[in-house]
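*Asks:*
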Amino acid sequence: MGFDLENFGVGLAVGWGSAYVVYRLRKQISGAVQVVQKSADTAKTSATRTADSRFVNDLVDLAEHEHLAGEYVDLSQIVVEPRFVPASEFALETEEDLGNVLRVIPQIHDHPYLHASYNIDTLSINELSAGDKRVAILGAPGSGRTTALMSILLQSLAGKRFKPPFDVVQERLDKEEASMNEKQRAVRVKERVLMEQRARERLATEKGIAWNQEVDEELKNALPLFNQLMPIYVHMGNLKLYDQAGEFGAEVDPAEPIVRAVQYTVRRVTASTIPRYLYKRLNEGKVLMLIDGYDELPESERPVALAWLKALMDQYQDNFYIVTGPVSGYGGLTSLGFSPVFIRPWTDLDIRTAATYWAKSWGNFGKRRRGKSTEMDKAIIDRARANARALNPFEITIKLWANYADDVQKPGFDGWMSAFIQRDLDLDMPIEELLPILSRLSILQLEEGFITIPRLQQLAISGEAFGIKQTGEAEAAQTQDSEAGDAKEGKEKEEDVETTSVQGRMLGLLRRTGILVRYRGDRYQFRHPLLASYLASLSIKDMPREIVRQKSAHPAWKEAFAYAAGHTNLDMIVRERLTTPPDLLHNHVFEIARWAAFAPPDAAWRGAIFKLLNDLIIAPAQYPLIRERAAAALLDTRDMKNVAYTFRRAVRNLNPQIRRLAALGMGATGESDTARDLIPLLQDQNQEVRVCAAVALGSLATEEALEAIVLAFTENSEPVRQAIAEQLALLPEEGHPVLFEAVTDQQDMAMRRASIFGLRRTGTVWGLIAIYRAFLEDEQWYVRSAAQHAFEELQFGRMKAHTRRYPAVDQIQWLQEWAAAQGETLPAGEGAKDMLLRALQEGDTGVRLLAAQNIGKLGYPLMLKSLYSALRDRQESVRAMAHMSLADVQLQLGKPLPAPTT
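Structural data, given as structure tokens:
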């Protein structure tokens, strides 16, 4: 999308004149990064020499290939940097939070596409380590949680670095760097290195401390925590916790299941030498424990998993633990002290990055398949990444693959998924003949958690469709397993279960294709939960009505019913849901919005869903959270034209809350026609509406939209300018040049200050240098202070960690102060909860707000009655907070709560 900057200020030439050496400076200033890299390499070398190098190699190999295309390409070649959204604060907003102008963007993590397009505050991998040593990465299936764990492993152990995307500023600097002679480069590099040193000295002076170059260098080059630890990845399916009495006995070290799980996933030689090494590291507190698959366990096994996890952390408490969990039903993890963070949905820039990485790596796919590999045509890349908003990373991945392979037989999601399954199986059999048996296997997984041979035998499911009979080729299967080099305990048996029965041979065949994964205890799952959901969805159209009704209410079938909407008439289920009393969060309706993404355009119930969502947004008396969730659910439908039409009508509402959501919704659709509705909102009387309109236009990124926000960047209020700058940071081609010029605009102090916030978010070296310069040389203190804050954060991390566990009730500071004001001492332990309830009932408005918020964050089910009572509070703000806290409790429990009665 083109953008003419000639009319903006005095042009880019002013900025370019003094910046042509930034490329060289990148190599000097990134010396800290290189030192960290060398330190990481040293740490890896040390681990390799002092422990078992085979284990390190096996870990890296696991991370590189534990993804959808792991058979063809290393993960490090195609991975998009994972980012994490911190949970909202335990207490009310601090002064630092109020400086975050993008806090007006709702974050609905179970319907994430309203905030996906915006540059909300996120945490990097290294920033996860800045708080407590217990982090839970939460997200829906397909959101990329396993890939995030593997990225952490690769960054920790193999030195993986995520580079900022290519942008036109860097392109120009590269060209000017090439035109310089060596002497010019050397002089300018020296100037910039001195600039960095001066900035550090100035920062020390501002902090009132003496600057020491040696200490400063140590801080600058400090090794990130995750690079100091040994990562260990385990999937809970391999822990075999359900059989502790049988395998481990009554008394067992909680680390023993980890040791056996690791032995199962590494090569045979590694497995024989690894136990002592793992125990030593755990006892020293030097392990980064990456635990996956909690929400892939059946419900009946999760309490045992939580009990084991607690015992493990109690005994080996000095290690760092990261666990993945669901976006709803994560309360068991937070009750153990895990700090929740949510996996960030992909932005347009992430989608473009993924499409580019896949295109560059496509030659790896060509070598493994028929046909000659050629460089990917740009038109194919553009087509592959088009219309990808409101798709999760799993769906985007199979979309890219389908477009690049050009092997789909039908359009849309069904075509992408069918092609993926056909490629995965690679059995030279018509997929139509295999789908029925695969569907039956997937039903077993959804119903019981795992696929096992005894259950297949009980259900009389065999492998005739795959040509497997009672006299199958057992020897061939054994040979293939031996060549694979797996170190699972099954190999120690005289007869492997994959060779001794029809069902075993079928599962073995499917495991070798890669479509199934085998866990310890001879339990199997499809390689991705959404693959199982899709295959199970194929069975719904043939089920009796009563069975369909029962399964539609089962949480494990949630995604399957969304996929079923593409080929099955669900009118009956939709009608029943629309006439059923809602739960607190109206999930019975919002889930149907995702069904609409797969349903045909003429589905009879589509209009009713759109109308109901619209009514929930514009209802005069409505809880703010329900409005936000309804707006987010609209985007789940992926019917962007109709969604945009709904928001264009809502933007005329007199309620600024509704206008704010409508503006964000229009930007999230990506529909270019909405620009003319958004531009007038830049002059709205409500500042939050203006901020949302500005970032929405930035999300559209059309020429008309960009011209409007560049004009607003020069004349609107300070929060609007800051929001524009931060959104421009997501646009390397169109936005970065604006920020580069704006920071040197001598006529507009407010613009220079605002641009600092955007430069901080670009992740570029030239942006860092511009911040150095502003901190040292800008004439206005107001600009220098913003640059100082940005410089300090970029160099030394955030002042406040966002991964802190919630305090116990008797440690809540404001509650201690309130109790003292009542002439009482806050009791220790359970007695403090009674004081929290008193604060909710007897405190002033501010205290009642805090009490309501904290009850929700702590997720106390026994306090629900008091929160429901607070819905009748005389203050609207307290009522809204009580409702939000009830929502927090429902999301933690993963169980519906009743909607309040009017």
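Counting in the working numbering, the sequence shown runs from 224 upward without gaps.
For each residue, glycine too, the CB sits at the ideal point set by N, CA and C.
Source: prediction; values computed, not measured.
1) Does the distance from the C-beta atom of GLY365 to that of PHE636 stay below 8 Å?
2) For ARG768 and SER523, I'd like the C-alpha separation in whole angstroms.
3) Just how far apart, CA to CA, sit ARG1102 and LEU501?
4) One question on the structure: do ALA292 and TRP569 come within less than 8 Å of each other, judged by their Cβ atoms?
5) Closest to ALA844 by C-alpha separation, out of VAL308, ASP333 and THR1124, would be which residue?
6) DSSP three-state call for THR547: helix, strand or coil?
7) Would you kindly work out how many angstroms separate the C-alpha atoms of ALA783 and ARG741, rounded to a whole number?
8) For ARG1200, does the three-state DSSP call read helix, strand or coil?
9) What are the complete alpha helix (DSSP H) segments, minimum 4 residues, inside the region 361 to 392?
10) If you draw a straight line from the alpha carbon of LYS781 to that of SER775, how long is it in whole angstroms?
11) Excluding the 5 residues preceding and the 5 following ARG871 in the sequence, name in chain order all residues of the same chain whose CB lies nearer than 7 Å to its CB.
12) MET652: buried (16+ other C-beta within 10 angstroms of its C-beta) or exposed?
13) Taking all protein chains shown into account, decide if LYS406 is buried (16 or more other Cβ within 10 angstroms of its Cβ) or exposed.
14) Check the C-beta distance from LEU572 over to TYR539 and give it rounded, since I have them as a contact under 8 Å.
15) Based on the DSSP output, what are the partners of SER562 in its beta bridges?
16) If you measure from the beta carbon of ASN342 to each beta carbon in chain E, is any gap under 8 Å?
17) Give the DSSP-derived three-state secondary structure of ARG1021 in the structure shown.
18) Could you tell me if TYR246 is buried or exposed, where buried requires 16 or more neighbouring beta carbons within 10 angstroms of its beta carbon?
19) Using the DSSP secondary-structure output, state which residues sit across from HIS458 in a beta bridge.
20) Inspect the CB distances between the region 658 to 677 and the region 851 to 865 and report whether three or more fall short of 8 Å.
21) Using DSSP with H/G/I as helix, E/B as strand and the rest coil, what is ARG741?
22) Exposed or buried, ALA363, counting other C-beta atoms within 10 Å across all chains shown (16 or more means buried)?
23) In this structure, does DSSP put LEU730 in helix, strand or coil?
24) Of the residues THR925, LEU839, ARG395 and GLN1115, which one's Cα is nearest the Cα of ALA885?
25) Indicate the three-state DSSP secondary structure (helix, strand or coil) for PRO568 in the structure shown.
26) At which residues does the alpha helix (DSSP H) containing PHE643 begin and terminate?
27) Assuming LEU808 and GLN1113 form a contact by the criterion Cβ under 8 Å, report the distance between their Cβ atoms to the nearest whole angstrom.
28) For the alpha helix (DSSP H) containing ARG612, list its first residue and its last residue.
29) Check whether the Cβ of ARG499 lies closer than 7 Å to any heavy atom of the ligand MN, and answer yes or no.
30) Determine contact between the region 939 to 952 and the region 964 to 979, defined as no fewer than three beta-carbon pairs at a distance below 8 Å.
31) Take every Cβ of the region 389 to 404, pair it with every Cβ of the region 1060 to 1074, and state whether three or more of those distances are shorter than 8 Å.
32) By Cβ distance, which residues of its chain are closer than 7 Å to LEU848, with the 5 residues on each side in sequence left out?
33) Helix or strand or just coil, what does DSSP make of PHE749?
34) Secondary structure at VAL256, three-state DSSP: helix, strand or coil?
35) Given this structure, state the Cα-to-Cα distance separating ARG371 from ASN615, to the nearest angstrom.
36) If ILE348 and PHE449 are in contact, beta carbons under 8 Å, what's the gap, nearest whole angstrom?
*Replies:* Let's see:
1) In this structure, GLY365 lies away from PHE636, with their beta-carbon atoms at least 8 Å apart.
2) The straight-line gap separating the alpha-carbon atoms of ARG768 and SER523 is approximately 27 Å.
3) If I take the Cα positions, the gap works out to 51 Å.
4) Cβ distance not < 8 Å, so ALA292 and TRP569 don't count as in contact.
5) Residue THR1124 is the option with its Cα nearest to ALA844.
6) The answer is strand: DSSP assigns THR547 an E or B state.
7) A direct Cα-Cα distance of roughly 22 Å separates ALA783 from ARG741.
8) Any question about residue 1200 goes unanswered here, given that the chain covers just 224 to 1125.
9) Within the region 361 to 392, the complete alpha helix (DSSP H) runs of at least 4 residues are 368 to 380.
10) Approximately 7 Å, taken between the alpha carbons.
11) Answer for ARG871: MET889, THR897 and ASP900, listed in chain order.
12) By the 10 Å Cβ count, MET652 comes out exposed.
13) LYS406 is exposed by the Cβ-count criterion.
14) Not really, about 39 Å apart at Cβ, beyond 8 Å.
15) In the DSSP assignment, SER562 forms a beta bridge with VAL358.
16) In the structure shown, chain E does not exist; there is a single protein chain.
17) Note: ARG1021 maps to coil in three-state DSSP.
18) Bear in mind that the predicted position of TYR246 carries a pLDDT of just 34, short of 50, making it too unreliable to give a figure here.
19) BP columns for HIS458 point to ASP515.
20) Result no; under three Cβ-Cβ pairs closer than 8 Å.
21) Per DSSP, reduced to three states, the secondary structure at ARG741 is strand.
22) Burial call: buried.
23) The answer is helix: DSSP assigns LEU730 an H, G or I state.
24) Measuring C-alpha to C-alpha distances from ALA885 to each of THR925, LEU839, ARG395 and GLN1115 identifies LEU839 as the nearest.
25) Secondary structure of PRO568 (DSSP, three-state): coil.
26) From DSSP, the alpha helix (DSSP H) with PHE643 extends over 635 to 648.
27) Between GLN1113 and LEU808 the Cβ distance is about 6 Å, and since that is below 8 Å, they are a contact.
28) Under the DSSP assignment, ARG612 falls outside any alpha helix (DSSP H); it carries neither an H nor an E label.
29) Ligands displayed in this structure: none; no statement on the ligand MN is therefore possible.
30) With the rule of 3 Cβ pairs closer than 8 Å, the region 939 to 952 counts as touching the region 964 to 979.
31) Flag = no, the region 389 to 404 and the region 1060 to 1074 do not touch.
32) Counting only Cβ-Cβ distances below 7 Å, and skipping sequence neighbours, we find HIS1106, MET1107 and ALA1110.
33) For PHE749, the secondary structure class from DSSP, reduced to helix, strand or coil, is strand.
34) Confidence is the limiting factor: at VAL256 the pLDDT is only 41, short of 50, which leaves the residue's position unreliable, though a coordinate-based value still follows. Secondary structure of VAL256 (DSSP, three-state): helix.
35) Strictly speaking, residue 371 in this sequence is Ala, with Arg absent from that position. Whole-angstrom Cα-Cα distance: 14 Å.
36) Right, their Cβ atoms sit about 7 Å apart.
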